[in-house]
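Peer 1: Starting off with a structure, shown below.
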Amino acid sequence: MSNSVKFRLNGAEMTYTENPAMRLLDALREGYLLTGTKCGCKEGECGACSVIVNGQLYNSCLVAMGSLEGAEVMTIEGFSKTERFAVLEKAYQEVSAVQCGFCIPGMVLASECLLASNPHPTEEEIRVGISGNLCRCTGYNSIVAAVGIAAQKGEGLW
Amino acid sequence: MKTISKAVPKLDHYEKISGAAKYVCDLPTKGMLFGRMLRSTEARAKFGNITLPELPEGYFFYDKNDVPGVNKVQIVLDDTPVFAEGIVEYIGDPIGLLVGSDERVVNQLLKQIQVEYEVLEPVFDPRESKESFFNVNIDKGNIAEAFANADKVYEEKFHTGLQEQAYLETNGLIAEYVDGKMTIRGSLQCPYYVFGAVAQAMGLENENVRIVQDVTGGGFGGKEDYPSVLACQAAVAAYHSKKPVRIVFDRHEDMIATSKRHPSYCTYRVAIKDKKVIGMDIDVLYDAGAYTTLSLVVLQRGVIGAAGIYNVPNLKVRGEARKTNIVPSGAFRGFGGPQTFFAVEMMMTHIAKDLGMDAVEFKLQNAAKQGDTTSTSGRYHFPVPIPAMTEDVLKASDYYNKKKVYQNQTGRYRRGIGASLVYHGCGFTGNGERDLIKAVVKLKKSKDGMVEVLTAGTDMGQGLFTTLNKIVSSTLEIPMEQVIVALPDTDMVPDSGPTVASRSIMSVGNLLMKAAKRLKEEWIDGEAQLIEQRYEHPDFMIPFDNDNFTGDAYPTFSWSVNVVEVEIDSLTGFIKVIGAWGCYDVGTPIDEQIVMGQMEGGFVQSLGYGMMEKMEAHNGWIRNSSFSDYIIPTAVEFENLHVMLHVVDYPNGPFGAKGAGELPNVGPAPATIDAIQNALDTTLNKAPFIAEDVMNFLREVK
């Protein structure tokens with residue numbers, strides 16, 4: 001019986017041997033020192049801890065480490081090295097969509113997952129796509145605009 | 001648009017979006033102790049013995065007996081204890097602090113602590129409370145005569161509930177005591193508030209206290225006074241344990257233990273003659289909660305705004321903040337304004353309805369103009385652009401046509417449209433800037449020409465570092481890259497006052513502009529230079545008399561007009577906002593996109609206050625202590641949200657700017673409730689008004 005979990009984290013092979021009930025959120029922040037993933041509520045409501053697991057957006061506070069065998073996990077630290085991030089980053093900057101910033105790493109990953117499944121979303125589809133991520137600062141208009149701009153400027157990337 | 005208003009990339013953009021920014025919760029924890037508060041489970045009780053489990057080595061418990069200085073947190077009055085002294089006043093009142101190296105062990109040990117309580121009778125309803133914290137009154141003109149001369153007198157009661165700031169980053173900080181010096185760093189709005197509080201509680205000299213702001217994930221008032229409380233508690237533990245102590249709240253603890261928006265109960269009596277308001281007689285009651293914290297100044301703003309934007313020649317306001325045994329309310333963006341503005345805006349719509357007038361017409365007919373006296377017998381010194389702004393918003397929202405159509409509806413889906421006309425007074429109330437704050441800023445130029453901006457101003461997302469940089473670099477006519485604005489550290493920066501009251505750009509920014517003008521004149525290449533600038537009270541202001549509450553409460557006001565359109569499903573009670581429009585006059589925006597972001601964000605918080613965000617204390621327990629139970633807006637609720645700016649230069653602000661941040665939190669909630677009452681063809685008197693309230697209303701009508 002194996003008591004380790006093998007998975008990929010931002011492209012690197014990892015072998016996890018600690019408590020399998022540990023939240024992915026806590027493992028990322030405390031174990032792997034990847035603090036770009038934020039903790040806002042620890043009950044799957046706010047989306048600040050969003051990460052991408054096997055191409056899907058997850059609240060990492062609701063993912064147990066034991067469930068990650070063979071999984072591909074991407075956090076903001078990994079995503080920020082991609083060309084898609086560069087387009088999203090510029091788009092968010094263009095409309096000053098980053099205020100306190102605490103929701104933003106999760107919001108950017110939600111934007112990525114939305115565009116990956118729907119490269120030309122309508123405004124309504126963008127709103128639904130980021131509705132699992134709470135932002136208390138912006139009122140969302142600028143973030144919605146940013147995702148729209150990224151979809152246009154990143155034509156062909158998604 | 002002025003050149004300065006053109007948006008620039010925010011200075012903190014990249015570090016935040018890439019996940020590199022370090023909030024206090026992201027700092028390395030090696031060698032630190034984790035702290036968790038022992039909180040009262042009783043709403044009001046004396047407590048005696050505290051029985052601790054056996055604490056492993058390196059785990060410590062601290063309480064009132066361990067506070068080396070004064071066991072009071074310096075806020076406005078010093079009644080908030082660092083740790084409770086024999087009596088607890090609300091569920092969540094801190095009794096002690098348990099610290100240790102493993103957070104999970106700390107949590108387990110905490111559950112084993114037993115406290116002996118002798119339960120006392122609590123008070124939860126401020127209307128039944130016998131303990132008055134503060135009274136603030138206005139007496140202007142001759143109210144008796146006004147009511148004697150009235151054609152008609154209207155009387156109504158209004159209620160608003162608790163609101164939670166719900167910043168995404170919870171309160172948190174780290175205290176460290178090294179070589180006789182206490183350093184606190186973390187998520188906070190007002191470094192010098194924390195500074196004063198820690199010095200007093202720890203009995204330390206000023207030079208032995210240092211406060212540093214870390215990147216802060218939202219504040220909205222919720223990190224104005226509260227970090228002072230938390231800092232004192234953490235400091236006690238760091239002092240005795242000689243180790244850095246980190247306290248970062250989880251969401252539940254943040255929601256039960258930190259300050260909220262004050263619930264309010266207002267009674268309005270309004271005298272009308274010839275369709276004009278000739279007198280208002282108002283009782284304002286704010287539920288302060290268990291300790292006074294910021295209630296005095298919150299109440300003052302509520303009392304001043306109680307007559308709304310209207311020119312009311314005869315005015316009596318009796319404002320009171322009373323004690324109850326729930327978590328203290330404190331600062332929340334808008335700071336006492338949203339409660340009374342809600343009441344007066346609803347009152348005016350109800351009177352208009354009775355007079356057979358459109359509410360907006362009735363409001364405009366009574367609105368104050370430049371030169372009129374304010375509620376405190378001061379003066380509106382500057383233009384009041386309400387009529388032009390109203391025209392813009394009504395046109396954009398097609399208000400009059402919709403109002404005509406949305407009558408006598410009987411189908412399942414019913415629509416309504418509503419409006420509000422409000423202001424927010426810019427800066428501290430009364431003589432606060434002159435007598436209490438006495439702001440100082442500095443510009444420090446190095447030999448190589450880099451200019452450092454030294455203020456205590458904090459950026460918690462509102463973009464202050466970017467805007468202050470723009471003010472200084474534009475004045476000096478140098479690139480933004482040549483100007484540095486860093487996170488404030490009280491070892492480095494002078495006390496330019498707290499980052500509150502929509503004062504930072506107008507007051508601190510103005511001092512910086514003056515300093516930059518001087519530096520420009522005195523600039524010597526290759527030399528290090530230091531410029532200091534101190535606050536000067538505007539000489540046009542009518543002196544404020546704090547005892548009689550008369551004079552100019554604010555140098556100027558920011559104005560806004562809001563329209564909200566809703567569709568109500570009469571089967572489910574569901575309220576859908578189908579359109580929202582706001583026009584804001586904040587002077588010249590220092591950065592148009594930053595201001596738009598502030599207006600949109602505040603607008604959505606206020607829409608939440610109006611129709612979503614319900615927080616109740618049931619027998620003293622905050623029932624809505626998570627994001628599952630306390631629902632804040634997501635991206636889908638308010639998709640048709642339109643903000644416009646009405647730009648008028650404010651001559652005493654930097655580049656024409658005045659207060660901005662709080663303004664959008666005042667008007668949208670009453671506009672929303674106005675829309676809901678229009679859809680339901682009734683008059684409403686409380687906020688929030690949520691789906692459940694719609695269902696109750698429809699049931700009663702049947």
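Protein chains in written order, with this note's numbering: chain A, 1 to 158; chain Z, 1 to 702.
All residues carry an ideal CB built from backbone N, CA and C; glycine is no exception.
Predicted model, so just to flag it, every value in this text is computed and none were measured.
If the cut is a Cβ gap below 9 Å, which residues of chain A does residue 540 of chain Z touch?
Peer 2: Residue 540 of chain Z sits at position 540 when you count from the first residue of the second sequence. The premise fails here: residue 540 of chain Z is roughly 34 Å from chain A at the closest Cβ pair, so nothing lies under 9 Å.
Peer 1: For a contact meaning CB atoms closer than 8 Å, what does residue 99 of chain A contact in chain Z?
Peer 2: In the first sequence, counting from the first residue as 1, residue 99 of chain A sits at position 99. Residues of chain Z passing the Cβ test: 218, 461, 462, 463, 597 and 601.
Peer 1: With a threshold of 7 Å on Cβ separation, who are the neighbours of residue 74 of chain A within its own chain once the five nearest residues in sequence on each side are excluded?
Peer 2: Here residue 74 of chain A is taken as the residue at index 74 of the first sequence, counted from 1. Correct list, in chain order: 10, 51 and 52.
Peer 1: Use the C-beta contact count for residue 466 of chain Z: other C-beta atoms within 10 angstroms, 16 or more gives buried, fewer gives exposed.
Peer 2: The residue given as residue 466 of chain Z occupies position 466 in the second sequence. By the neighbour-count rule (16 or more Cβ atoms within 10 Å), residue 466 of chain Z is buried.
Peer 1: Do you know whose CA, among Z:71, Z:435 and Z:92, lies nearest residue 36 of chain Z's CA?
Peer 2: Taking the first residue of the second sequence as 1, we reach residue 36 of chain Z at position 36. If we check each option's Cα against that of residue 36 of chain Z, Z:92 comes out closest.
Peer 1: Which one of Z:220, Z:58 and Z:51 has the shortest CA to CA distance from residue 660 of chain Z?
Peer 2: Within the second sequence, the letter at position 660 stands for residue 660 of chain Z. Of Z:220, Z:58 and Z:51, the residue nearest in Cα terms is Z:220.
Peer 1: In its own chain, which residues sit with a C-beta less than 8 Å from the C-beta of residue 616 of chain Z, not counting the 5 before and 5 after it?
Peer 2: Translated into the one-based positions of the second sequence, residue 616 of chain Z becomes position 616. Result list for residue 616 of chain Z: 161, 162, 622, 623 and 624, in chain order.
Peer 1: Nearest CA to the CA of residue 66 of chain Z: which residue from Z:238, Z:283 and Z:44?
Peer 2: For the purposes of this step, residue 66 of chain Z is taken as the residue at position 66 of the second sequence. Residue Z:238 is the option with its Cα nearest to residue 66 of chain Z.
Peer 1: Identify the contact partners of residue 43 of chain A in chain Z, using a Cβ-Cβ distance below 8 Å as the criterion.
Peer 2: Residue 43 of chain A sits at position 43 when you count from the first residue of the first sequence. Correct list: 251, 626, 627 and 628.
Peer 1: In this structure, how does DSSP classify residue 646 of chain Z when only helix, strand and coil are distinguished?
Peer 2: Here residue 646 of chain Z refers to the residue found at position 646 when the second sequence is read from its first residue. The answer is coil: DSSP assigns residue 646 of chain Z none of H, G, I, E or B.
Peer 1: Less than 8 Å between C-beta atoms, sequence neighbours within five positions excluded: which residues of the same chain meet that for residue 21 of chain A?
Peer 2: Within the first sequence, residue 21 of chain A is the residue found at index 21, counting from 1. Answer for residue 21 of chain A: 64, 65 and 66, listed in chain order.
Peer 1: For residue 167 of chain Z, which of A:34, A:19, A:40 and A:141 has the nearest alpha-carbon?
Peer 2: As a position in the second sequence, residue 167 of chain Z is number 167, starting the count at 1. Taking only the C-alpha atoms, the option nearest residue 167 of chain Z is A:40.
Peer 1: How long is the line joining the alpha carbons of residue 159 of chain A and residue 490 of chain Z, rounded to whole angstroms?
Peer 2: No answer is possible for residue 159 of chain A: it lies beyond the span of chain A, which begins at 1 and ends at 158.
Peer 1: Could you check if residue 764 of chain Z is buried or exposed, using at least 16 other CB atoms within 10 Å of its CB as the buried criterion?
Peer 2: Within the shown structure, residues of chain Z are numbered from 1 to 702, placing residue 764 of chain Z beyond reach of any answer.
Peer 1: For residue 565 of chain Z, count neighbouring Cβ atoms within 10 angstroms of its own Cβ and tell me buried if that reaches 16, exposed if not.
Peer 2: By 1-based counting over the second sequence, the position of residue 565 of chain Z is 565. With 16 or more other Cβ atoms within 10 Å, it is buried.
Peer 1: If you compare alpha carbons, which of Z:502, Z:536, Z:494 and Z:188 is closest to residue 514 of chain Z?
Peer 2: One-based indexing of the second sequence puts residue 514 of chain Z at position 514. Checking every option, the nearest Cα to that of residue 514 of chain Z belongs to Z:536.
Peer 1: When DSSP builds the beta bridges, which residues end up paired with residue 583 of chain Z?
Peer 2: Counted from its first residue, the second sequence places residue 583 of chain Z at position 583. Paired residues: Z:561 and Z:644.
Peer 1: Starting from the Cα of residue 470 of chain Z, find the closest Cα among Z:452, Z:460 and Z:99 and give me that residue.
Peer 2: On the second sequence, position 470 is the one that residue 470 of chain Z refers to. If we check each option's Cα against that of residue 470 of chain Z, Z:452 comes out closest.
Peer 1: Using C-beta distances below 7 Å, list every residue in its chain close to residue 540 of chain Z, excluding the 5 sequence neighbours before and after it, in chain order.
Peer 2: Sequence index remark: in the second sequence, residue 540 of chain Z carries index 540 (1-based). Closer than 7 Å at the Cβ level, and outside the excluded window around residue 540 of chain Z, lie 381.
Peer 1: Determine whether the beta carbon atoms of residue 115 of chain Z and residue 59 of chain Z lie at a separation below 8 Å.
Peer 2: Here residue 115 of chain Z corresponds to residue number 115 of the second sequence, with the count starting at 1. Here residue 59 of chain Z corresponds to residue number 59 of the second sequence, with the count starting at 1. The answer is no: Cβ separation not under 8 Å.
Peer 1: Pick helix, strand or coil for residue 266 of chain Z, following the three-state DSSP scheme.
Peer 2: For the purposes of this step, residue 266 of chain Z is taken as residue 266 along the second sequence, with counting starting at 1. Residue 266 of chain Z falls in the strand class under three-state DSSP.
Peer 1: Under the three-state reduction of DSSP, which class applies to residue 481 of chain Z: helix, strand or coil?
Peer 2: Here residue 481 of chain Z refers to the residue found at position 481 when the second sequence is read from its first residue. Here residue 481 of chain Z sits in helix by DSSP.
Peer 1: Can you pull the chain A residues whose beta carbon is under 7 Å from the beta carbon of residue 19 of chain Z, in chain order?
Peer 2: Numbered from its first residue, the second sequence carries residue 19 of chain Z at position 19. Per Cβ cutoff of 7 Å: 36, 76, 77, 80 and 105.
Peer 1: Going by the CB atoms, is the gap between residue 326 of chain Z and residue 630 of chain Z shorter than 8 Å?
Peer 2: Working through the second sequence from its first residue, we reach residue 630 of chain Z at position 630. Working through the second sequence from its first residue, we reach residue 326 of chain Z at position 326. Contact: no.
Peer 1: Do residue 339 of chain Z and residue 424 of chain Z have their C-beta atoms closer together than 8 Å?
Peer 2: The count along the second sequence starts at 1 and reaches residue 339 of chain Z at position 339. The count along the second sequence starts at 1 and reaches residue 424 of chain Z at position 424. Cβ distance not < 8 Å, so residue 339 of chain Z and residue 424 of chain Z don't count as in contact.
Peer 1: At 8 Å on the CB atoms, spell out the chain A contacts of residue 500 of chain Z, in chain order.
Peer 2: Residue 500 of chain Z sits at position 500 when you count from the first residue of the second sequence. Residues of chain A passing the Cβ test: none, with the nearest at roughly 16 Å.
Peer 1: Report, in whole angstroms, the separation of the C-beta atoms of residue 657 of chain Z and residue 506 of chain Z, which I expect to be a contact under 8 Å.
Peer 2: The residue given as residue 657 of chain Z occupies position 657 in the second sequence. The residue given as residue 506 of chain Z occupies position 506 in the second sequence. 6 Å between Cβ atoms; contact.
Peer 1: Output the boundary residues of the beta strand (DSSP E) element that contains residue 58 of chain A.
Peer 2: On the first sequence, residue 58 of chain A is found 58 positions in, with the first residue counted as 1. Unbroken beta strand (DSSP E) run through residue 58 of chain A: 56-59.
Peer 1: What does the alpha-carbon distance come out to for the pair residue 24 of chain A and residue 59 of chain A?
Peer 2: Counting from 1 along the first sequence, the entry for residue 24 of chain A is found at position 24. Counting from 1 along the first sequence, the entry for residue 59 of chain A is found at position 59. Computed Cα separation, rounded: 9 Å.
Peer 1: Cutting at 6 Å between CB atoms, please list the residues of its own chain near residue 203 of chain Z, excluding the five before and the five after it.
Peer 2: The sequence position of residue 203 of chain Z within the second sequence is 203, counting from 1. Only 68 and 69 meet the Cβ criterion.
Peer 1: In terms of residues, what are the limits of the beta strand (DSSP E) holding residue 252 of chain Z?
Peer 2: Locating residue 252 of chain Z in the second sequence gives position 252, counting from the first residue. Taken as a continuous stretch (DSSP letters only), residue 252 of chain Z belongs to no beta strand (DSSP E), being part of the alpha helix (DSSP H) at 251-257.
Peer 1: Compare the Cα-Cα distances from residue 235 of chain Z to each of Z:71, Z:379 and Z:600 and report the closest residue.
Peer 2: In the second sequence, residue 235 of chain Z corresponds to position 235, counting from 1. When each option's Cα is compared against that of residue 235 of chain Z, the closest is Z:71.
Peer 1: Is it right to say residue 1 of chain Z is buried, meaning 16 or more other beta carbons lie within 10 angstroms of its own, or is it exposed?
Peer 2: Residue numbering aside, residue 1 of chain Z sits at position 1 when the second sequence is read from its first letter. Per the 10 Å Cβ criterion, exposed.
Peer 1: Between which two residues does the beta strand (DSSP E) carrying residue 422 of chain Z extend?
Peer 2: Residue mapping note: residue 422 of chain Z aligns to position 422 of the second sequence, counting from 1. From DSSP, the beta strand (DSSP E) with residue 422 of chain Z extends over 413-425.
Peer 1: Residue 635 of chain Z CB to nearest chain A CB: under 8 Å?
Peer 2: For this step, residue 635 of chain Z is matched to residue 635 along the second sequence. It does; some Cβ of chain A falls within 8 Å.
Peer 1: Who are the Cβ neighbours of residue 695 of chain Z in its own chain at under 6 Å, not counting the five residues just before and after it?
Peer 2: Taking the second sequence and counting its residues from 1, the one referred to as residue 695 of chain Z is at position 695. Once the five neighbours on either side are set aside, the close Cβ partners of residue 695 of chain Z are 573.
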